[in-house]
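Right, one structure below, let's go through it.
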Amino acid sequence: MSSDILEVIARGIKFRAKGHPNIRATHRSTFEITREDYLTTRGDCIIGVGSEVASSDLPEWFKEAITREDSRIIAILCTNNICDVVIGRGSPKLILSDNTRMVFRKSTYIGPETIMIGASKAAGEIRRDLINKLVTGGVLEVTILVV
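Be aware that the sequence shown starts at 393, since it is given in our numbering, and climbs by one per residue.
As structure tokens, then:
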């Protein structure tokens, strides 16, 4: 195959967060990954704690890519060889300034923590076997691609 027909179609980042016994992951419109190490049962959108990054920590090239009008974002969530995929989009309106959280939203609402809108899944729709592993202390490996 000739290299002149090949094209890079995605770039991405990878980081980790931890599971927690209080993860419920029942929220119907968002999921969140946070730097905080603690979690109460009221945080029903949170799927990972102790994250290595928050929205403000994203590399500049990544921020530029997800703030393009036509950006598409693919989040791959894995633990213990169990993975789920969430597809959404970015927006030129993304703020990306939260020092603690990353939120993936089914809606088009944008706050400083939002990194994806129009998400195909919320916390309550993520594979239950993946969530159950996180509840028992699994490590959440997150890969986010932008195309």
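We treat Cβ as the ideally placed atom computed from N, Cα and C, and that holds for glycine.
Query: For Val-527, the three-state DSSP class (helix, strand or coil); Result: helix
Query: C-beta atoms of Ile-468 and Val-539 nearer than 8 Å; Result: no
Query: Nearest neighbour of Pro-413, chosen from Asp-429, Glu-517, Gly-404 [CA to CA]; Result: Asp-429
Query: 8 Å Cβ cutoff, Ala-446 in contact with chain D; Result: Among the chains of the structure shown, chain D does not appear; only one protein chain is present.
Query: Short Cβ contact (8 Å threshold) for Gly-411 with Thr-471; Result: yes
Query: Nearest-angstrom Cα separation, counted from Ile-502 out to Met-393; Result: No answer about Met-393 holds up, because its pLDDT of 49 lies below 50 and its placement is not dependable.
Query: Distance, Gly-404 Cα to Val-439 Cα; Result: It should be pointed out that residue 439 corresponds to Ile in this sequence rather than to Val. Whole-angstrom Cα-Cα distance: 20 Å.
Query: Meets three-Cβ-pair contact criterion under 8 Å: the region 449–456 and the region 518–533; Result: no
Query: Cα-Cα separation, Gly-516 to Ala-446; Result: 21 Å
Query: For Cys-470, the residue or residues it bridges with in DSSP; Result: Cys-475, Glu-533
Query: Whole-number beta carbon distance between Thr-459 and Gly-482, since they are thought to touch under 8 Å; Result: 6 Å
Query: Exposure of Ser-489, with buried meaning 16 or more beta-carbon neighbours within 10 Å; Result: exposed
Query: Classification of Cys-475 by the beta-carbon crowding that lies within 10 angstroms, buried from 16 upward; Result: exposed
Query: Distance cut-off 7 Å: Lys-485 Cβ against heavy atoms of the ligand NAP; Result: Annotation note on the ligand NAP: not contained in the displayed structure, which lists no ligands.
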